[in-house]
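Protein chains: 2
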Amino acid sequence: MGRPRLQDVAARAGVSLATASRVLNGSSRTPAPALVERVRAAAAELGYVVNAQAQALAKARTGLLGLVVQDISDPYFSSIAAGAQAQARPHGLQLLLASTDRDPAAEREAVDAFAAHRADAIVVVGTRWTGDDDAALAEALGRYAAAGGRAVVVGQPLGEAAVVRPPNAPGSRALAEALLGQGHRRFVVVTGPDRVVTARERADAFTAAAEAGGGHVEPAVVAGQFSRDGGYGAAAEVTRLARDGAGRPCVFAVTDVMAIGLIAGLRDAGLAVPRDVLVAGFDDIPTLRDHVPALTTVRVPLEEIGRRAVLVALGEADEAGEADPALATQVLLRESTGG
Amino acid sequence: MGRPRLQDVAARAGVSLATASRVLNGSSRTPAPALVERVRAAAAELGYVVNAQAQALAKARTGLLGLVVQDISDPYFSSIAAGAQAQARPHGLQLLLASTDRDPAAEREAVDAFAAHRADAIVVVGTRWTGDDDAALAEALGRYAAAGGRAVVVGQPLGEAAVVRPPNAPGSRALAEALLGQGHRRFVVVTGPDRVVTARERADAFTAAAEAGGGHVEPAVVAGQFSRDGGYGAAAEVTRLARDGAGRPCVFAVTDVMAIGLIAGLRDAGLAVPRDVLVAGFDDIPTLRDHVPALTTVRVPLEEIGRRAVLVALGEADEAGEADPALATQVLLRESTGG
DNA sequence: ACGGTGCCGGAAAGCGCATTCCCGCGCACC
DNA sequence: GGTGCGCGGGAATGCGCTTTCCGGCACCGT
Numbered sequence: 610m611g612r613p614r615l616q617d618v619a620a621r622a623g624v625s626l627a628t629a630s631r632v633l634n635g636s637s638r639t640p641a642p643a644l645v646e647r648v649r650a651a652a653a654e655l656g657y658v659v660n661a662q663a664q665a666l667a668k669a670r671t672g673l674l675g676l677v678v679q680d681i682s683d684p685y686f687s688s689i690a691a692g693a694q695a696q697a698r699p700h701g702l703q704l705l706l707a708s709t710d711r712d713p714a715a716e717r718e719a720v721d722a723f724a725a726h727r728a729d730a731i732v733v734v735g736t737r738w739t740g741d742d743d744a745a746l747a748e749a750l751g752r753y754a755a756a757g758g759r760a761v762v763v764g765q766p767l768g769e770a771a772v773v774r775p776p777n778a779p780g781s782r783a784l785a786e787a788l789l790g791q792g793h794r795r796f797v798v799v800t801g802p803d804r805v806v807t808a809r810e811r812a813d814a815f816t817a818a819a820e821a822g823g824g825h826v827e828p829a830v831v832a833g834q835f836s837r838d839g840g841y842g843a844a845a846e847v848t849r850l851a852r853d854g855a856g857r858p859c860v861f862a863v864t865d866v867m868a869i870g871l872i873a874g875l876r877d878a879g880l881a882v883p884r885d886v887l888v889a890g891f892d893d894i895p896t897l898r899d900h901v902p903a904l905t906t907v908r909v910p911l912e913e914i915g916r917r918a919v920l921v922a923l924g925e926a927d928e929a930g931e932a933d934p935a936l937a938t939q940v941l942l943r944e945s946t947g948g
Numbered sequence: 610m611g612r613p614r615l616q617d618v619a620a621r622a623g624v625s626l627a628t629a630s631r632v633l634n635g636s637s638r639t640p641a642p643a644l645v646e647r648v649r650a651a652a653a654e655l656g657y658v659v660n661a662q663a664q665a666l667a668k669a670r671t672g673l674l675g676l677v678v679q680d681i682s683d684p685y686f687s688s689i690a691a692g693a694q695a696q697a698r699p700h701g702l703q704l705l706l707a708s709t710d711r712d713p714a715a716e717r718e719a720v721d722a723f724a725a726h727r728a729d730a731i732v733v734v735g736t737r738w739t740g741d742d743d744a745a746l747a748e749a750l751g752r753y754a755a756a757g758g759r760a761v762v763v764g765q766p767l768g769e770a771a772v773v774r775p776p777n778a779p780g781s782r783a784l785a786e787a788l789l790g791q792g793h794r795r796f797v798v799v800t801g802p803d804r805v806v807t808a809r810e811r812a813d814a815f816t817a818a819a820e821a822g823g824g825h826v827e828p829a830v831v832a833g834q835f836s837r838d839g840g841y842g843a844a845a846e847v848t849r850l851a852r853d854g855a856g857r858p859c860v861f862a863v864t865d866v867m868a869i870g871l872i873a874g875l876r877d878a879g880l881a882v883p884r885d886v887l888v889a890g891f892d893d894i895p896t897l898r899d900h901v902p903a904l905t906t907v908r909v910p911l912e913e914i915g916r917r918a919v920l921v922a923l924g925e926a927d928e929a930g931e932a933d934p935a936l937a938t939q940v941l942l943r944e945s946t947g948g
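Just so you know, the sequences run in chain order S and R. Under our numbering, the residues of the first sequence are numbered 610 to 948, in order. Under our numbering, the residues of the second sequence are numbered 610 to 948, in order.
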């Protein structure tokens, strides 16, 4: 009553285990057509389902790809995951997913768990942290790679792992230049907590480009969280700046979801966008396409980043730097910065 | 230079394989403290990482939980996935994820792949299809369950699998009643393609409740796709209805993302919400919380549904019907239906 | 006609671990 | 002081499959 084994299929087809294996799974040699037919028939009749675990043990390859993201319910990560999934399927890889809730310790645990499952490759997606939160993760990935696994990080470099760099700096620079082109000169950056490297990359590149282009950038507003609520919370400080200084400030919130929260907070404070304050975001989250006011943002090819990470993990593509043409951003100027 | 095996750890600690296994993984018996210490030390020195594949083969349990969703980049599914992940981790289960791009054939293939990997349980999330698109999936899940796997579907019942029913009908009924309570009487339902059972469940329950409460429900508008673009495309027909009849129609779009698309389409057609048309959605997608106008919708405990599905898969909870109190919906009346 | 060259099928040795069974020891009890 | 029992450690078996390796056969060339 248990599951049929390959042995059972072989017996029913009147062939050896080796032949059955060659017919159903093997690749190096192809048995005679008559045997192939018999084995296939026997397998079908028995409802045979290969045991990937046993196969993995024998072949030292599991067909598993570990994907570690910081929050799968965040559209940024789920878009990347969708791209990874799309690329994994045609390669016959199954995705092992871990969503870490932005906890560096959980990231490390996920990598260790995937290593235990002997995933053929591991892709870790998400911002690195300043300080030494990453040390344990780097070590875990290092051990994994030393044992023959392929490690890829999407975000910032970490240890020896191959890296796919989302175009944070180029995108932020392009955004600054586009806003300068619209005539804006007074900028405010709403960034995430200090330890979030991605937030810093975007903020720094934007600030540098804005100042290089003759703009004035106010001291950055540091949001308490790297999220919608963080953006909302930053509204108070932005409101103060808007009421103090001269002219409408043009605010760059380093992610779309922060920008959305910021706009909501401004509205609750009695300020309208773009009437009183201009706001731009980053990422071009699909669900926010119909936001009112339409949000100026930078489109990041998230799915493509996911696909690329998988290809790198498979050794079929090279690492991607911030300037990689396949991962180029696109600035989308919309109503929130004055149209 | 290969990975250390348990055998290597045992040798280094001067104990037998069995003892090492008992120390590091086993549970039935605990060796003497001195030995435990020696084995642990040896494992640490060697950098031993247990081979989950080998363990799975020997124990006939993999610690894998298969999760099949229709589109991981859709916030509906990614929220459920987040809940599933949160529930899986404390149980020491790893998530095997498949995103099928809403292709019934891909759903079946994913189930077969998970069965091959001997996942301890499989959860299939998403609407069923009318017609016999589901037959193959039902069969695959049936085979899997017959071989001892635990199968759970989130959505509509399918074969013998345990089912967690999102509260589509209760939520839709409650929404209709709330809208009636606001005084609305003229309703339009924007539903998805006929084959999408979830769309039909919501539309039917809403229609029945609205009519039972004395409302008038126009013939349903069938969107071409179960998505934002489907909602956008339905705007033309809704515009016609709004211009024809008497009074502002109150439109129920069966998902938030369709509602958002609809509102965008209406805007492009020159109609404002709620000035000319009222619109309500379903799901309460977090990212849309700051939409303007604020969207009347039905909050569905998506993460909780994900958690529950995992618990059912683990045999630690019972199936959940549409009226399950733990999965209750909440109607959120907001500006899009007149506040 | 004979030795040689491929092919093709089967037997068997693992892959890394859990687990059953067995054995030896020390203790309590009679 | 002897018997029985409990406990802790080790040898061996098997989980289901892949993959060498080997033997036999047919077919080729000379």
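Using N, Cα and C, we set each Cβ at its ideal position, and we do this for glycine too.
Excluding five sequence neighbours on each side, which residues of the same chain lie with their C-beta closer than 8 angstroms to the C-beta of residue i?
{"i": "R/L746", "result": "P713, E716, R717, V720, V733, L767"}
{"i": "R/S625", "result": "A619"}
{"i": "R/V797", "result": "V826, E827, A829, V830, V847, L850, P858, C859, V860, F861"}
{"i": "S/A661", "result": "T671, G672"}
{"i": "S/Q703", "result": "G672, L673, L674, A697"}
Could you check how far apart the C-beta atoms of residue i and residue j are, in whole angstroms? I think they sit under 8 angstroms.
{"i": "S/A851", "j": "S/L880", "result": "6 angstroms"}
{"i": "S/T896", "j": "R/P684", "result": "6 angstroms"}
{"i": "S/A725", "j": "R/V763", "result": "Their Cβ separation, rounded to whole angstroms, is 28 angstroms, which puts S/A725 and R/V763 out of contact at 8 angstroms."}
Beta-carbon separation of residue i and residue j under 8 angstroms?
{"i": "R/E928", "j": "R/V772", "result": "yes"}
{"i": "S/T905", "j": "S/R943", "result": "yes"}
{"i": "R/A778", "j": "R/T800", "result": "no"}
{"i": "S/A862", "j": "S/G833", "result": "no"}
{"i": "S/S781", "j": "S/A808", "result": "no"}
{"i": "R/Q679", "j": "S/I681", "result": "no"}
{"i": "S/R916", "j": "S/V806", "result": "no"}
{"i": "R/A783", "j": "R/V909", "result": "no"}
{"i": "S/F891", "j": "S/D933", "result": "no"}
{"i": "S/E931", "j": "S/S688", "result": "no"}
{"i": "R/V882", "j": "R/S836", "result": "no"}
{"i": "S/Q696", "j": "S/L920", "result": "yes"}
{"i": "R/R804", "j": "R/G740", "result": "yes"}
{"i": "S/L750", "j": "S/A722", "result": "no"}
{"i": "R/L705", "j": "R/A728", "result": "yes"}
{"i": "R/A663", "j": "S/L666", "result": "yes"}
Look up residue i in the DSSP assignment and say whether it is helix, strand or coil.
{"i": "R/L936", "result": "helix"}
{"i": "S/T807", "result": "helix"}
{"i": "R/S836", "result": "coil"}
{"i": "S/F572", "result": "No answer is possible for residue 572 of chain S: it lies beyond the span of chain S, which begins at 610 and ends at 948."}
{"i": "R/T896", "result": "helix"}
{"i": "R/G692", "result": "helix"}
{"i": "R/T736", "result": "coil"}
{"i": "S/Q791", "result": "coil"}
{"i": "S/S708", "result": "strand"}
{"i": "S/L702", "result": "coil"}
{"i": "R/I869", "result": "helix"}
{"i": "S/V762", "result": "strand"}
Going along the chain, which residues of its own chain have a beta-carbon closer than 6 angstroms to the beta-carbon of residue i, five neighbours each way excluded?
{"i": "S/G874", "result": "Y841, A844"}
{"i": "R/R638", "result": "R631"}
{"i": "R/A622", "result": "R647, V648, A651"}
{"i": "R/A730", "result": "L674, R759, A922"}
{"i": "R/P613", "result": "L655, Y657"}
{"i": "R/I872", "result": "V882, V888"}
Just to confirm the assignment, what range does the beta strand (DSSP E) spanning residue i have?
{"i": "S/T800", "result": "795-800"}
{"i": "R/T906", "result": "906-908"}
{"i": "S/G675", "result": "673-678"}
Could you tell me the boundaries of the alpha helix (DSSP H) in which residue i lies?
{"i": "S/L920", "result": "911-922"}
{"i": "S/A622", "result": "615-622"}
{"i": "S/V951", "result": "Since the first and last residues shown for chain S are 610 and 948, residue 951 of chain S lies out of range."}
{"i": "R/A829", "result": "Careful: R/A829 lies outside any alpha helix (DSSP H) and carries neither H nor E."}
Starting from the C-beta of residue i, find all residues in its chain whose C-beta is less than 7 angstroms away, skip the five residues before and the five after it, and write them out in chain order.
{"i": "S/E786", "result": "A818, G822"}
{"i": "S/G947", "result": "Q791, P883, L887"}
{"i": "S/P640", "result": "T628, R631, V632"}
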